[in-house]
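Heads up, the thing below is written out as structure tokens.
There are 2 protein chains.
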Amino acid sequence: MLAETTFFTENDGEPVAIENARGRGDVLLVCEHASRRLPKRYGTLGLSEDALVSHIAWDPGALAVARLMSKQLDATLIYQRFSRLVYDCNRPPESPAAIRDVSEVFRIPGNENLSEAEKSLRTTSLYLPFQGAIRDEIAARRARGLQTVLVTVHSFTRVYFGQERAVEIGILHDTDSRLADRMLQATGGTSPYRLERNEPYGPADGVTHTLELHALPAGLLNVMIEVRNDLIADEAGQGAAADFLSKLLRESIGTLTKNNKNGG
Amino acid sequence: MLAETTFFTENDGEPVAIENARGRGDVLLVCEHASRRLPKRYGTLGLSEDALVSHIAWDPGALAVARLMSKQLDATLIYQRFSRLVYDCNRPPESPAAIRDVSEVFRIPGNENLSEAEKSLRTTSLYLPFQGAIRDEIAARRARGLQTVLVTVHSFTRVYFGQERAVEIGILHDTDSRLADRMLQATGGTSPYRLERNEPYGPADGVTHTLELHALPAGLLNVMIEVRNDLIADEAGQGAAADFLSKLLRESIGTLTKNNKNGG
Numbered sequence: 001m002l003a004e005t006t007f008f009t010e011n012d013g014e015p016v017a018i019e020n021a022r023g024r025g026d027v028l029l030v031c032e033h034a035s036r037r038l039p040k041r042y043g044t045l046g047l048s049e050d051a052l053v054s055h056i057a058w059d060p061g062a063l064a065v066a067r068l069m070s071k072q073l074d075a076t077l078i079y080q081r082f083s084r085l086v087y088d089c090n091r092p093p094e095s096p097a098a099i100r101d102v103s104e105v106f107r108i109p110g111n112e113n114l115s116e117a118e119k120s121l122r123t124t125s126l127y128l129p130f131q132g133a134i135r136d137e138i139a140a141r142r143a144r145g146l147q148t149v150l151v152t153v154h155s156f157t158r159v160y161f162g163q164e165r166a167v168e169i170g171i172l173h174d175t176d177s178r179l180a181d182r183m184l185q186a187t188g189g190t191s192p193y194r195l196e197r198n199e200p201y202g203p204a205d206g207v208t209h210t211l212e213l214h215a216l217p218a219g220l221l222n223v224m225i226e227v228r229n230d231l232i233a234d235e236a237g238q239g240a241a242a243d244f245l246s247k248l249l250r251e252s253i254g255t256l257t258k259n260n261k262n263g264g
Numbered sequence: 001m002l003a004e005t006t007f008f009t010e011n012d013g014e015p016v017a018i019e020n021a022r023g024r025g026d027v028l029l030v031c032e033h034a035s036r037r038l039p040k041r042y043g044t045l046g047l048s049e050d051a052l053v054s055h056i057a058w059d060p061g062a063l064a065v066a067r068l069m070s071k072q073l074d075a076t077l078i079y080q081r082f083s084r085l086v087y088d089c090n091r092p093p094e095s096p097a098a099i100r101d102v103s104e105v106f107r108i109p110g111n112e113n114l115s116e117a118e119k120s121l122r123t124t125s126l127y128l129p130f131q132g133a134i135r136d137e138i139a140a141r142r143a144r145g146l147q148t149v150l151v152t153v154h155s156f157t158r159v160y161f162g163q164e165r166a167v168e169i170g171i172l173h174d175t176d177s178r179l180a181d182r183m184l185q186a187t188g189g190t191s192p193y194r195l196e197r198n199e200p201y202g203p204a205d206g207v208t209h210t211l212e213l214h215a216l217p218a219g220l221l222n223v224m225i226e227v228r229n230d231l232i233a234d235e236a237g238q239g240a241a242a243d244f245l246s247k248l249l250r251e252s253i254g255t256l257t258k259n260n261k262n263g264g
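Listed in order, the protein sequences are those of chains A and B. For the first sequence, position 214 matches number 214 in full-length UniProt numbering, and the numbering has no gaps at all. For the second sequence, position 71 matches number 71 in full-length UniProt numbering, and the numbering has no gaps at all.
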């Protein structure tokens, strides 16, 4: 029989990481773009070192912030251990953005003219186990009597296609804006960050896929958080952002929960 | 907090069934359309009893044949426990054929004008765990030192849109025809069944999705088998078809394996 192709080699490890699996908090944190690591078989995808460490490969700082939030909220955290350059787990398999051959100003040679088989390999190796793990985790929490608030944590680059972005933290939502509304109200005029609704991206850009898959159908409270990555480039910045976001989430979820209990 | 929606109720059970999980044979059997059972939440989908027991709901006889083959080949068998009327697990989420509002001559009222959230719910509840289980099983077999020959087992209706079909067993393949070629050659003129290549469907109809996802990328030998369902409507027919197919698979895989060993 012909030798089988294997996607991951021994040093690659698994695609999905779960931290604080026994967390008792309401929040389930998800980081689709946590890592810039490439499976060994892809080498550099033909990219320069600049590109390989840039925001096209991952969301710098997002995992560090999510880990701090995981501690503060006693929240389970699920993240993808490989770069979105190979497969962007926040996009469905049919989306051209799942595997890009151009991202911002970078051409990605290793993603050009891929066969259907190669796309399937990436889908089954990276996307299916990742979104499957989120599904399983939500089901397991339900079985343990825990409700779930789904919170995805991202970062964005300050300068995109040469344009500077003023927004510092984006609070993103799809058709269910309950939690996002509350978070935007709760900060009032007092936020140390410049917050915006559905900036620098919104649902029309296809960025709410994970929320759409798991939160909207089940009626779970949900939000996607985007932090400008220059603000979380070091530990002090990561700590400040995590403190702010954990407090904001805790208060916003608290009032939503309380209102519902009063109401019914 | 709002009550969560759950897809499966207690009596529904799990979407994926795995039988003979410790099977030592080369073959991994998959049955996407094994069952006509609907999750309780969907009632009848607005369909008549005739439609609910017809081939639009499942592949009658396919699971029974696959179970016999599982014994004969000591093969692990993975099947979907719910009807393709809710989600056809042999189709990717973007395909209009994944959730049909019309199938052959039947309108499916419960599938009309679905929201994106409802489609996502079916995708995460039925498709992700099913294709994820196949992925996991192939990986686990590899870890145990077992290669995998992926064989999907289906049945088709004798009369479709009023037309009678002469083919009795279809041997279907996508771009990798190694095993299908060998099976079609092996029978020569002596088959008790009328066999055809890529009939009554073929890859252009999108029916090779499971093979495309798992077998083609990894270079696994693979084939999709379609048996006309009037031939496997009772135990005698199921036994005869399983005997024939198990022998044909065993011989065909044997020669392919042997040739490769000689060659390399």
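We put the beta carbon where it would ideally sit given N, CA and C, even for glycine.
What is the residue span of the alpha helix (DSSP H) that residue 24 (chain B) lies within?
By one-based count along the second sequence, residue 24 (chain B) stands at place 24. Counting along the chain, residue 24 (chain B) falls outside any alpha helix (DSSP H), and DSSP gives it neither H nor E.
Pairing CB atoms from the segment 111–128 of chain A with CB atoms from the segment 234–250 of chain A, are three or more of them under 8 Å?
no
Three-state secondary structure (DSSP) at residue 7 (chain B)?
The sequence position of residue 7 (chain B) within the second sequence is 7, counting from 1. The answer is coil: DSSP assigns residue 7 (chain B) none of H, G, I, E or B.
Residue-chain proximity (residue 124 (chain A), chain B), Cβ-Cβ < 8 Å:
Position 124 of the first sequence, counting from 1, holds the residue named residue 124 (chain A). At least one chain B Cβ lies under 8 Å of residue 124 (chain A).
Please list the partners that residue 214 (chain B) has in chain A, where partner means a Cβ-to-Cβ separation under 9 Å.
Locating residue 214 (chain B) in the second sequence gives position 214, where the first residue counts as 1. Near residue 214 (chain B) (Cβ distances below 9 Å), the residues of chain A are 120, 124.
Tell me which residues share the same chain as residue 75 (chain B) and place their Cβ nearer than 6 Å to its Cβ, disregarding the 5 neighbours each side in the sequence.
Counting from 1 along the second sequence, the entry for residue 75 (chain B) is found at position 75. Cβ neighbours of residue 75 (chain B) beyond the five flanking positions: 23, 25, 27, 29.
Going by the beta-carbon positions, is the gap between residue 150 (chain A) and residue 63 (chain A) smaller than 8 Å?
The count along the first sequence starts at 1 and reaches residue 150 (chain A) at position 150. The count along the first sequence starts at 1 and reaches residue 63 (chain A) at position 63. Their beta carbons are not under 8 Å apart, which means residue 150 (chain A) does not touch residue 63 (chain A) by this criterion.
Does residue 245 (chain A) get closer than 8 Å to chain B when you measure Cβ to Cβ?
Translated into the one-based positions of the first sequence, residue 245 (chain A) becomes position 245. No, no contact with chain B.
How far does the alpha helix (DSSP H) with residue 186 (chain B) in it reach, from first residue to last?
If you number the second sequence from 1, residue 186 (chain B) lands on position 186. Per DSSP, residue 186 (chain B) belongs to the alpha helix (DSSP H) from 178–187.
According to DSSP, residues forming a beta bridge with residue 196 (chain B)
Here residue 196 (chain B) refers to the residue found at position 196 of the second sequence. In the DSSP output, where bridge partners are listed per residue, residue 196 (chain B) has B:170.
I'd like the list of long-range same chain contacts for residue 102 (chain B), defined as Cβ closer than 8 Å, with 5 residues on each side in sequence excluded.
On the second sequence, residue 102 (chain B) is found 102 positions in, with the first residue counted as 1. Contacts found: 108.
Is it true that the segment 138–158 of chain A meets the segment 216–236 of chain A, where meeting means three or more beta-carbon pairs spaced less than 8 Å apart?
yes
Taking 6 Å as the limit between beta carbons, can you name the residues of its chain near residue 67 (chain A), skipping five residues before and five after?
Taking the first residue of the first sequence as position 1, residue 67 (chain A) is located at position 67. Nothing listed; no residue qualifies.
Grouping DSSP H, G and I as helix and E and B as strand, with all else coil, what is residue 154 (chain B)?
The residue given as residue 154 (chain B) occupies position 154 in the second sequence. Strand.
What in chain B is Cβ-close to residue 128 (chain A), meaning under 8 Å?
Numbered from its first residue, the first sequence carries residue 128 (chain A) at position 128. Here the neighbours are 128, 131, 132, 135.
Anyone know if the C-beta pair for residue 90 (chain A) and residue 207 (chain A) falls short of 8 Å?
On the first sequence, residue 90 (chain A) is found 90 positions in, with the first residue counted as 1. On the first sequence, residue 207 (chain A) is found 207 positions in, with the first residue counted as 1. Cβ atoms of residue 90 (chain A) and residue 207 (chain A): closer than 8 Å.
Express the C-alpha separation of residue 227 (chain A) and residue 235 (chain A) in angstroms, rounding to a whole number.
By 1-based counting over the first sequence, the position of residue 235 (chain A) is 235. By 1-based counting over the first sequence, the position of residue 227 (chain A) is 227. Cα to Cα, the separation comes out at about 14 Å.
Members of the segment 16–50 of chain B near chain A, C-beta cut-off 9 Å
26
Along chain B, which residues have their Cβ under 8 Å away from the Cβ of residue 182 (chain A)?
In the first sequence, the residue the question calls residue 182 (chain A) occupies position 182. Chain B residues near residue 182 (chain A): none, gap ~12 Å exceeds 8 Å.
Helix, strand or coil at residue 72 (chain A) [DSSP, three-state]:
Within the first sequence, numbered from 1, the residue matching residue 72 (chain A) stands at position 72. In this structure, residue 72 (chain A) counts as helix in the three-state DSSP scheme.
C-beta neighbour in chain B for residue 217 (chain A), strict 8 Å:
Numbered from 1 along the first sequence, position 217 holds the residue referred to as residue 217 (chain A). Yes, residue 217 (chain A) counts as interfacial toward chain B.
Anyone know if the C-beta pair for residue 58 (chain B) and residue 34 (chain B) falls short of 8 Å?
Locating residue 58 (chain B) in the second sequence gives position 58, where the first residue counts as 1. Locating residue 34 (chain B) in the second sequence gives position 34, where the first residue counts as 1. A contact, by the Cβ cut-off of 8 Å.
Is it a yes or a no for the segment 160–178 of chain A touching the segment 196–204 of chain A, going by three-plus beta-carbon pairs under 8 Å?
yes
Please list, in chain order, the chain B residues whose beta carbon lies closer than 8 Å to that of residue 6 (chain A).
The residue given as residue 6 (chain A) occupies position 6 in the first sequence. Correct list: 142, 218.
Is residue 14 (chain A) near residue 84 (chain A), with beta carbons less than 8 Å apart?
Counting from 1 along the first sequence, the entry for residue 14 (chain A) is found at position 14. Counting from 1 along the first sequence, the entry for residue 84 (chain A) is found at position 84. Contact: no.
If we define contact as Cβ-Cβ less than 8 Å, is residue 94 (chain A) a contact residue for chain B?
Reading the first sequence from its first residue, position 94 is the one you call residue 94 (chain A). Judged by the 8 Å Cβ criterion, residue 94 (chain A) is in contact with chain B.
Alpha-carbon to alpha-carbon, residue 136 (chain A) and residue 142 (chain A):
Residue numbering aside, residue 142 (chain A) sits at position 142 when the first sequence is read from its first letter. Residue numbering aside, residue 136 (chain A) sits at position 136 when the first sequence is read from its first letter. Answer to the nearest angstrom: the Cα atoms are 10 Å apart.
Chain-ordered chain A contacts of residue 117 (chain B) [CB-CB under 8 Å]:
In the second sequence, counting from the first residue as 1, residue 117 (chain B) sits at position 117. Ordered by position in chain A, the residues that pass the 8 Å Cβ test against residue 117 (chain B) are 175, 212, 216, 217.
For residue 32 (chain A), which residues from the same chain have a beta carbon less than 6 Å from its beta carbon, with the 5 sequence-adjacent residues on both sides left out?
As a working note, residue 32 (chain A) is residue 32 in the first sequence. Closer than 6 Å at Cβ, skipping near neighbours: 80, 89, 90.
Can you give me the start and stop residues for the beta strand (DSSP E) that residue 134 (chain B) sits inside?
Here the question's residue 134 (chain B) lines up with position 134 in the second sequence. Element bounds for residue 134 (chain B): not the beta strand (DSSP E) but the alpha helix (DSSP H), 128–143.
Suppose contacts are defined by Cβ-Cβ distances below 8 Å. Is residue 238 (chain A) in contact with residue 61 (chain A) by that definition?
For the purposes of this step, residue 238 (chain A) is taken as the residue at position 238 of the first sequence. For the purposes of this step, residue 61 (chain A) is taken as the residue at position 61 of the first sequence. In contact: residue 238 (chain A) and residue 61 (chain A) (Cβ atoms closer than 8 Å).
Have a look at B:153, B:105, B:43 and flag the residue whose alpha-carbon is nearest the alpha-carbon of residue 54 (chain B).
As a working mapping, residue 54 (chain B) is identified with position 54 in the second sequence. Selected option, being the one with the closest Cα: B:105.
I'd like to confirm the pairing. Which residues does DSSP put opposite residue 160 (chain B) in its beta bridges?
For the purposes of this step, residue 160 (chain B) is identified with residue 160 of the second sequence, where counting begins at 1. Paired residue(s): B:163.
Take residue 165 (chain A) as the anchor and find which of A:39, A:18, A:196, A:115 has the nearest alpha-carbon.
Residue mapping note: residue 165 (chain A) aligns to position 165 of the first sequence, counting from 1. Among A:39, A:18, A:196, A:115, the Cα nearest to that of residue 165 (chain A) belongs to A:196.
Straight-line gap, residue 176 (chain A) to residue 122 (chain B) (C-alpha atoms, nearest Å)
On the first sequence, position 176 is the one that residue 176 (chain A) refers to. On the second sequence, position 122 is the one that residue 122 (chain B) refers to. Each residue's Cα considered, the two are about 19 Å apart.
How many angstroms separate the CA atom of residue 134 (chain B) from the CA atom of residue 162 (chain A)?
Residue numbering aside, residue 134 (chain B) sits at position 134 when the second sequence is read from its first letter. Residue numbering aside, residue 162 (chain A) sits at position 162 when the first sequence is read from its first letter. Whole-angstrom Cα-Cα distance: 45 Å.
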